[in-house]
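Residue numbers (our numbering): 1 to 362.
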């Protein structure tokens, strides 16, 4: 256990820690149990625990600000360098040439801060060039004519002195910029950026705030976007935004005025890393054999949609559309596959029909 002067308690994945009862106030322990019970298993002081708190991180890494005085740092069981490489692959950041030197980060929080610094500097640079604008269709009642006139509305309301017009407005208040503004709002509330980087984050946010409507953006809006020669440089910016939004964005359990946690689900990260790694490294091989990889495929059982499997990875024969292999990632240490894992793979294979099923461990 490592407790700093700021009362930051460090936990390693799946390694229980006993804390003296006096170290963690009851109200803080209750906040951890109530709001972050999925991420940290909390056993309250009792005769069973020797009147100690027993905390165990449950496959999540990151940083949880419980109060202004107590923070929880969740450390990975894998080496940090390997975790950062997984993040690079999972979010396809390794192709953007701005991560050189980040592997030497000593903590995940430092990695987060340096990515925030990179994003802020790139946005400030884009601001000097001018932000991406687009034509947005609008309909308004105006005292003058602009664009097309709604004749039918004029006929039905002859007493109205204003004219309903339909026109297109050239504006920078578009989703491309709204995603970035919301990302900076989340970063600024994470408490993970030091005074070295926070002024840069604030400058970038206030620059966007002048012309962009702040509205909550789902991380999925960063995926599959269309780019052109005017906004091609937004592609890496949105890749970074997706990383921050998936792990920092507020949820319904956390008040809007609270400091936001930074949390990475290691099981999901490992699954995404494996899928992207296979596509990148086996693309040539798979294409030669007419194979393709699909991730997170949902298979319904029977006629009802209430029962289903979510299969991590399925490799298909592109010529026939038949599944050749089912693959499942397991983020855990194991000398041999568990019976439950094998049973799960048998069920997947029976649902999809292939003769071979593959379990993938770290």
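All C-beta atoms, glycine included, are put in the ideal place defined by N, C-alpha and C.
Asked	Found
Which complete alpha helix (DSSP H) runs does the region 194 to 279 hold, if anything under 4 residues is left out?	198 to 209, 234 to 248
Report all residues from its chain with a CB closer than 7 Å to the CB of residue 231; omit the five preceding and five following residues, and keep chain order.	132, 176
Is the beta carbon of residue 16 less than 8 Å from the beta carbon of residue 56?	yes
Between residue 27 and residue 194, what straight-line distance do the alpha-carbon atoms span, to the nearest angstrom?	27 Å
By Cβ distance below 8 Å, which residues in the same chain neighbour residue 268 in space, the five residues on each side in sequence not counted?	none
Give the DSSP bridge partners of residue 134, in chain order.	171
For residue 280, count the other beta carbons within 10 Å of its own beta carbon; 16 or more makes it buried, fewer makes it exposed. Which is it?	exposed
Between the region 335 to 342 and the region 301 to 321, do at least 3 Cβ pairs fall closer than 8 Å?	no
Just confirm the distance between the C-beta atoms of residue 58 and residue 40, as a whole number of angstroms; I'd bet it's less than 8 Å.	6 Å
Who are the Cβ neighbours of residue 223 in its own chain at under 8 Å, not counting the five residues just before and after it?	242
Would you mind stating whether residue 208 and residue 244 have Cβ atoms separated by less than 8 Å?	no
Taking 7 Å as the limit between beta carbons, can you name the residues of its chain near residue 113, skipping five residues before and five after?	192, 193, 194, 197
Please name the residue in 278, 300, 261 whose C-alpha comes closest to that of residue 61.	261
What did DSSP end up calling residue 343 once you bin it into helix, strand or coil?	helix
Using DSSP bridges, identify the partner residues of residue 317.	291
Does DSSP put residue 300 in a helix, in a strand, or in coil?	strand
Check for me: the beta strand (DSSP E) holding residue 41 runs from which residue to which?	40 to 43
Which one of 23, 116, 63, 219 has the shortest CA to CA distance from residue 51?	23
Using a Cβ-Cβ cut-off of 7 Å (strictly less than) and excluding sequence neighbours within five positions of residue 248, which residues of its own chain qualify?	186, 187, 190, 260, 262
Measure the C-alpha to C-alpha separation of residue 270 and residue 82 and round it to an integer number of angstroms.	11 Å
Determine the DSSP secondary structure at residue 56, reduced to helix, strand or coil.	strand
Determine the closest residue to residue 32 out of 142, 20, 7, 65, with distance taken between C-alpha atoms.	65
Apart from the five residues just before and just after residue 148, which ones in its own chain have a Cβ nearer than 6 Å to its Cβ?	166
Thinking residue 172 and residue 212 are a contact (beta carbons under 8 Å), I'd like their distance in whole angstroms, please.	7 Å
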